[in-house]
Structure formats: C-alpha cells, structure tokens
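Heads up: the structure comes next, in structure tokens.
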Amino acid sequence: MNSIWTTPAVAACLSLAATASLAADLRVAVNQGNPPFEFEDRNGKLTGFEVEVIQAVARRLNKSVEFSSMPFNMLFAAVQSGRADVALGAITITAKRLENVAFTQPIIDSNQCVAALSDGPVKRVEQLKGRDVGVITGTVGEIWAARSQQEHAYKEIRRYDGNIEPMMDLASQRTAASINDCPIMAWYIRDKPQFSIIHEVATGDRNALMLPKASPLLDAINQEIGRMKTDGSLPGLYRKWFNAEAGPDSSTVKIEAIPAVQ
Numbered sequence: 082m083n084s085i086w087t088t089p090a091v092a093a094c095l096s097l098a099a100t101a102s103l104a105a106d107l108r109v110a111v112n113q114g115n116p117p118f119e120f121e122d123r124n125g126k127l128t129g130f131e132v133e134v135i136q137a138v139a140r141r142l143n144k145s146v147e148f149s150s151m152p153f154n155m156l157f158a159a160v161q162s163g164r165a166d167v168a169l170g171a172i173t174i175t176a177k178r179l180e181n182v183a184f185t186q187p188i189i190d191s192n193q194c195v196a197a198l199s200d201g202p203v204k205r206v207e208q209l210k211g212r213d214v215g216v217i218t219g220t221v222g223e224i225w226a227a228r229s230q231q232e233h234a235y236k237e238i239r240r241y242d243g244n245i246e247p248m249m250d251l252a253s254q255r256t257a258a259s260i261n262d263c264p265i266m267a268w269y270i271r272d273k274p275q276f277s278i279i280h281e282v283a284t285g286d287r288n289a290l291m292l293p294k295a296s297p298l299l300d301a302i303n304q305e306i307g308r309m310k311t312d313g314s315l316p317g318l319y320r321k322w323f324n325a326e327a328g329p330d331s332s333t334v335k336i337e338a339i340p341a342v343q
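Here it is as structure tokens:
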C-alpha cells in the first residue's frame with residue numbers, strides 16, 4: 082500500500098485551495114438554443130429548466146453564475162479544458178462520457194422522440210426509408226439515428242448545432258423527420274400542431290449537470306440537488322417547465338448516487 086504524507090502546512094494550503102475553488106463564481110457553459118432547458122426569453126434573458134436548477138444550486142451555495150453560450154458539441158471541450166465549471170444542455174449520462182467528465186445525480190428522465198409533419202406522408206418510423214432525418218450533433222438522438230440507419234434505411238442523417246434548425250428544415254420538408262430528447266420535442270411542438278411525435282425510443286436515458294473529472298464542486302452541487310429533490314423544489318421546477326408532475330420513481334424525484342464508471 083502506498084501512502085501520501087503531508088505536513089500541516091501543506092495540508093493547510095490544500096484546504097485553502099479547495100475552499101477558494103468552492104467560493105469562486107460558477108462558470109457555466111450552456112447550449113443556449115435548447116428550450117425548455119436553456120434559451121433566451123423575449124426580453125433576451127437566459128432562462129429554462131436547467132438554468133433555474135443551477136441558479137437555485139448557486140444561491141444555496143452562496144455563489145453567482147456566469148453563463149457562456151456555445152453549441153452542444155462544444156460543451157464537452159469547455160468542461161474538459163477547465164474553461165467551465167459546469168455545463169448545461171440536457172446532457173445524457175453515458176458510460177463513454179463518464180470516462181472523461183463527471184455528472185451529478187440525474188435530474189430528469191429523457192427518451193428519444195421522432196417528430197414528423199402532421200399532414201405529411203410519414204406516420205410511422207418505418208416510412209422514413211429513403212428519406213432524410215435531422216439530428217443535433219453530439220446528442221443521443223444522433224447516436225440512435227446512426228445505429229438505426231441500416232434498419233430504417235434513412236437516405237441521409239443531417240446534423241445541426243441547435244434545436245431550431247432541424248425543425249425549420251422539417252417544416253420546409255428538407256427533411257422528413259427530426260430526432261431529439263422527448264422533453265425538448267414535446268415542449269417545442271406544444272403550440273405547433275403542424276408537427277406530431279410519431280415514435281418514442283425507450284432508451285432509459287437520464288440527464289444531469291456535467292462537470293470536469295474530479296471536480297471539487299461535484300459533491301457540493303450534487304448535495305444541493307439531492308436537497309432540492311427532498312424539499313420539492315426540483316419537482317416544482319419540472320412542473321413549471323413541463324406542465325406535468327414528475328413520477329415518484331423518476332430521477333427528478335428519486336435521490337440517486339453520483340454516476341460512476343462501471
């Protein structure tokens with residue numbers, strides 16, 4: 082067994098460094114065009130489910146938040162390089178991602194949904210044969226589309242940086258379907274009857290806040306998320322943004338361990 086010895090002076094320095102890190106403002110990278118998780122309202126103010134989650138966590142930790150906007154696929158580099166303390170973007174916890182970053186306990190469940198035009202020719206996912214579909218680069222939706230391309234024989238998988246562009250291309254019939262997280266898709270089409278969800282993929286996906294590997298902030302942020310589940314504030318935010326009650330066994334309500342590499 083190897084032991085690491087530290088003198089009292091060194092220990093004090095390490096303690097001060099950890100305290101300084103925890104006392105710093107939270108630098109948060111966001112995929113801003115990602116309603117209802119993070120987006121600008123009509124007044125140009127950043128808002129959304131995850132924005133309110135991290136703001137509530139910051140208040141509980143007596144911190145302020147500094148947001149930086151970037152495409153979804155850039156969130157990972159921002160966290161891994163240390164330019165961001167936390168990243169938001171409806172990010173799915175995966176074993177592969179856990180090799181390079183850390184996640185808090187999950188805060189919301191998320192399957193994948195396929196949307197098409199309500200009055201269009203595609204009513205079932207099997208009818209996408211020979212047609213183009215749209216996905217967001219770096220998401221689980223892109224992964225699922227790539228894995229199912231041979232089965233469903235899509236003509237092309239078109240990749241986008243944000244959530245709005247693939248829906249615009251679907252509306253103009255440049256693509257036949259758009260694939261994204263179900264909460265995002267359901268929120269986007271809630272007042273747009275021209276779109277319909279034609280297929281749901283039960284992936285068992287769960288989203289969480291992403292941090293650098295071995296981040297000294299992980300335990301503190303995760304603890305506050307657990308408290309938000311216990312005191313009902315996290316389910317309250319879910320109710321506000323998704324107009325539904327989170328199930329008692331959902332990751333919005335149930336306290337879980339910090340995800341670890343298996």
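Position 46 (the sequence shown) corresponds to 127 in the numbering used here; numbering is contiguous.
Positions of the beta carbon are idealized from the N, C-alpha and C atoms, including for glycine.
Every value quoted in this text rests on a predicted model; they were computed, and no experiment measured them.
- Query: Using the rule of at least 16 other Cβ atoms within 10 Å of the residue's Cβ for burial, across every protein chain shown, is Gln203 buried or exposed?
  - Reply: Before going further, note that residue 203 is Val rather than Gln in the sequence given. With 16 or more other Cβ atoms within 10 Å, it is buried.
- Pairwise C-alpha distance: Ser191 and Gly40: What the structure shows of the chain is the stretch from 82 to 343, and residue 40 is not part of that stretch, so it cannot be assessed.
- At which residues does the alpha helix (DSSP H) containing Ile279 begin and terminate? Premise fails: Ile279 lies in the beta strand (DSSP E), Phe276 to Val282, not in any alpha helix (DSSP H).
- What are the partner residues of Glu121, as DSSP defines its beta bridges? Leu127
- From Trp225 to Ala283, what does the alpha carbon distance come to, in whole angstroms? 11 Å
- Query: Cα separation between Ser149 and Gly211?
  - Reply: 39 Å
- Message: If I follow the unbroken beta strand (DSSP E) through Pro247, where does it start and stop?
- Response: Per DSSP, Pro247 belongs to no beta strand (DSSP E); it is in the alpha helix (DSSP H), Ile245 to Ala252.
- Message: Can you tell me where the beta strand (DSSP E) holding Asn261 begins and where it ends?
- Response: Ala258 to Asp262
- Query: Among Ser332, Arg108, Gln254 and Ile302, which residue has its Cα nearest to the Cα of Pro316?
  - Reply: Ser332
- Task: Check the DSSP bridge columns for Ala197 and list the partner residues they point to.
- Result: Ser277
- Query: Where does Ser145 sit, in a helix, a strand or coil, going by DSSP?
  - Reply: coil
- Task: Count the CB pairs spanning the segment 246-254 and the segment 230-238 that are closer than 8 Å, and state whether there are at least three.
- Result: no
- Item | Delimiting residues of the beta strand (DSSP E) encompassing Glu232 | Per DSSP, Glu232 belongs to no beta strand (DSSP E); it is in the alpha helix (DSSP H), Val221 to His233.
- Ile72: first and last residue of the uninterrupted alpha helix (DSSP H) it sits in: Outside the modelled stretch of the chain, which goes from 82 to 343, sits residue 72, for which no answer is possible.
- DSSP on Asn115, reduced to helix/strand/coil? strand
- Can you have a look at Val342 and say buried or exposed, based on whether 16 or more other CB atoms are within 10 angstroms of its CB? exposed
- Taking C-alpha atoms, which residue in Gln113, Lys310 and Met155 lies nearest to Gly125? Gln113
- Message: Just to confirm the assignment, what range does the alpha helix (DSSP H) spanning Pro316 have?
- Response: Ser314 to Phe323
- Message: Just verifying my parser: in three-state terms, what is the DSSP assignment at Asn288?
- Response: strand
- Task: With DSSP as the reference, label Ile265 as helix, strand or coil.
- Result: helix
- Message: Using 8 Å for Cβ pairs, my map puts Val160 next to Ala168. What's the rounded Cβ distance?
- Response: 5 Å
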